[in-house]
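**Q** In my numbering, the protein residues as written are 240 to 345. For every residue, glycine included, the Cβ atom is placed at its ideal position computed from N, Cα and C.
(1) Report the rounded CA-to-CA distance for residue 315 versus residue 321, giving the unit in angstroms.
(2) DSSP has residue 316 in a bridge; who is on the other side?
(3) In whole angstroms, give me the CA-to-CA distance for residue 341 and residue 325.
(4) Looking at the unbroken alpha helix (DSSP H) that takes in residue 302, where does it start and where does it end?
(5) Answer with buried or exposed for residue 328, where buried requires no fewer than 16 other C-beta atoms within 10 angstroms of its C-beta.
(6) Alpha helix (DSSP H) containing residue 288: first to last residue?
(7) Following the continuous alpha helix (DSSP H) through residue 274, name the residue where it begins and the one where it ends.
(8) Measuring from the CB of residue 278, is there a heavy atom of the ligand FMN at a distance below 6 Å?
Below, the structure is given as structure tokens:
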């Protein structure tokens with residue numbers, strides 16, 4: 240039981256540390272490590288760094304527009320994806336979209 244609690248605490252700490260706690264101004268440059276973000280937060284649902292479907296859809300080769308992806312990241316999807324609009328600025332979201340567009344099979 241102690242191990243389960245410890246593992247849960249470590250997983251939560253990793254998720255919290257991967258996403259900035261305070262919203263950044265929209266005009267601020269992104270210093271987000273998208274690979275780390277996918278490894279610790281997004282990867283829970285978008286498997287293999289977004290290359291294959293998991294609990295969430297595969298992101299590699301998505302036909303969704305950048306505007307759709309931006310909206311989904313900011314506002315989430317009830318019961319499926321949390322909203323990150325209060326923790327990620329526009330530059331961060333643009334960097335995530337660039338990451339998604341660049342995904343290739345490993």
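**A** Taking the coordinates as given:
(1) The residue you call residue 315 lines up with position 76 of the chain shown. The residue you call residue 321 lines up with position 82 of the chain shown. Distance between the alpha carbons of residue 315 and residue 321 is about 5 Å.
(2) Taking the first residue of the chain shown as 1, we reach residue 316 at position 77. In the DSSP output, where bridge partners are listed per residue, residue 316 has 320.
(3) For the purposes of this step, residue 341 is taken as the residue at position 102 of the chain shown. For the purposes of this step, residue 325 is taken as the residue at position 86 of the chain shown. Rounded to whole angstroms, residue 341 to residue 325 spans 25 Å at the Cα level.
(4) Here residue 302 refers to the residue found at position 63 when the chain shown is read from its first residue. It is not in any alpha helix (DSSP H) - residue 302 carries neither H nor E in the DSSP assignment.
(5) As a first step, residue 328 is located in the chain shown; it is residue number 89 there, counting from the start. Buried, because 16 or more other Cβ atoms sit within 10 Å of the Cβ of residue 328.
(6) Here residue 288 is taken as the residue at index 49 of the chain shown, counted from 1. Counting along the chain, the alpha helix (DSSP H) containing residue 288 begins and ends at 286–289.
(7) Taking the chain shown and counting its residues from 1, one reaches residue 274 at position 35. Residue 274 -> alpha helix (DSSP H) spans 273–279.
(8) Among the ligands in the structure shown, none appear at all, so the ligand FMN cannot be discussed.
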